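Per the numbering used here, the sequence shown starts with residue 20, numbered consecutively.
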Amino acid sequence: MTDKLDTKADIYIANRTFTRQFYTFHEYPVLIDCNFVVDSTNGNGLGQRQLKGEGVVQVYMNTSAPLAGSGNPNPASGYIVLEFADNYTRYFSGFTGYIPPLSGSSSTSSISGVPNIIVSLGTATLAQWQAVGLPQGFTPTVGQSFIATSSALIGGSAAIEVPLASGAGIDHIEVVGDPNQTLHTTGYVKGVKGRAQIVLACYKSGVITAPAPGTVISLASYLSNSSNEVKGE
20 MTDKLDTKAD IYIANRTFTR QFYTFHEYPV LIDCNFVVDS TNGNGLGQRQ
70 LKGEGVVQVY MNTSAPLAGS GNPNPASGYI VLEFADNYTR YFSGFTGYIP
120 PLSGSSSTSS ISGVPNIIVS LGTATLAQWQ AVGLPQGFTP TVGQSFIATS
170 SALIGGSAAI EVPLASGAGI DHIEVVGDPN QTLHTTGYVK GVKGRAQIVL
220 ACYKSGVITA PAPGTVISLA SYLSNSSNEV KGE
């Protein structure tokens with residue numbers, strides 16, 4: 020897939036088939052999202068792993084294991100470089116979400132009143148899971164969370180974990196600088212496309228802070244794929 024030239028503005032924009040459309044006053048808006056696991060010691064040299072998201076070519080975070088050729092500028096702890104697979108003309112807005120890591124300590128007994136995340140099904144029956152609070156209509160699966168209604172042995176060697184008490188370690192993520200200045204590139208290298216990017220910073224209580232290892236971060240960017248502006252946007 021290659022980029023196309025928008026002759027109205029003489030800049031490159033994404034040329035790919037987007038699967039859905041939604042109602043908006045913008046002429047050609049797109050929503051690009053991804054998610055990944057924070058992992059500063061991962062041997063891939065990226066500071067994260069398990070990146071998922073069609074429109075994002077790479078995410079770079081601080082790493083203690085730099086790898087030549089990874090492309091990672093190795094930003095300081097707490098910063099994220101979001102690199103897109105294509106160029107876009109402007110940034111409208113964005114939103115984020117994160118799933119905190121687990122405590123790292125499993126238990127074969129449920130813990131009442133808090134989220135219990137299934138880490139092992141063992142041979143426990145549906146009735147045994149429901150007895151400790153799994154809602155009716157759900158089939159137990161690894162990774163599933165529920166609020167336990169009692170603290171009791173689940174049975175069948177099944178196990179749960181609770182979320183890390185300190186959570187994801189951050190309270191919000193902000194865009195750094197003017198993202199519109201890095202959403203399109205002009206000098207393409209043969210075989211390399213896109214490389215448009217946005218820099219973000221993770222914060223806790225007003226201080227730039229690295230997310231806890233194992234945190235799953237989701238990033239969504241609402242962008243324009245058109246050179247036409249609507250009321251200045």
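Even glycine gets a Cβ: it sits at the ideal position worked out from N, Cα and C.
Predicted, not measured: the structure shown is a model, and the values here were computed from it.
Q. Does the beta-carbon distance from residue 131 to residue 168 come in below 9 Å?
A. The sequence position of residue 131 within the sequence shown is 112, counting from 1. The sequence position of residue 168 within the sequence shown is 149, counting from 1. It is a contact, given that the beta carbons lie within the stated cut-off.
The region 103-110 / the region 220-234 touching (three or more Cβ pairs under 8 Å) = no
In the structure shown, what three-state DSSP assignment does residue 198 receive?
-> Counted from its first residue, the sequence shown places residue 198 at position 179. Three-state DSSP puts residue 198 in a helix.
**OP:** Classify residue 145 as helix, strand or coil using the three-state DSSP reduction.
**Re:** The residue given as residue 145 occupies position 126 in the sequence shown. Helix, per DSSP.
**Item:** the region 112-126 touching the region 230-247, judged by at least three CB pairs closer than 8 Å
**Value:** yes
Residue 222 bridges to which residues according to DSSP? Start at 1 with the first residue of the sequence shown, and residue 222 comes out as number 203. Paired residues: 191 and 227.
Practice prompt. Pick helix, strand or coil for residue 150, following the three-state DSSP scheme.
Written response: Taking the first residue of the sequence shown as position 1, residue 150 is located at position 131. Correct three-state label for residue 150: helix.
Please check if any C-beta of chain B sits within less than 9 Å of the C-beta of residue 237.
In the structure shown, chain B cannot be found, because there is only a single protein chain.
### Task
Could I get the ranges of all uninterrupted beta strand (DSSP E) runs contained in the region 70-153, with 3 residues as the minimum, in chain order?
75-79, 98-103, 109-118 and 134-139
For this session: Assign residue 155 to one of two classes, buried (16 or more other C-beta atoms within 10 Å of its C-beta) or exposed (fewer than that).
Result: If you number the sequence shown from 1, residue 155 lands on position 136. Looking at its Cβ environment, which holds fewer than 16 other Cβ atoms inside 10 Å, residue 155 is exposed.
Worksheet item: Secondary structure at residue 68, three-state DSSP: helix, strand or coil?
Response: Position 49 of the sequence shown holds residue 68. Residue state, collapsed to three classes: strand.
*asked:* Short of 8 Å in beta carbon distance, which residues of its chain neighbour residue 160, apart from the five on each side in sequence? Order them along the chain.
replied: Taking the first residue of the sequence shown as position 1, residue 160 is located at position 141. Counting only Cβ-Cβ distances below 8 Å, and skipping sequence neighbours, we find 137 and 140.
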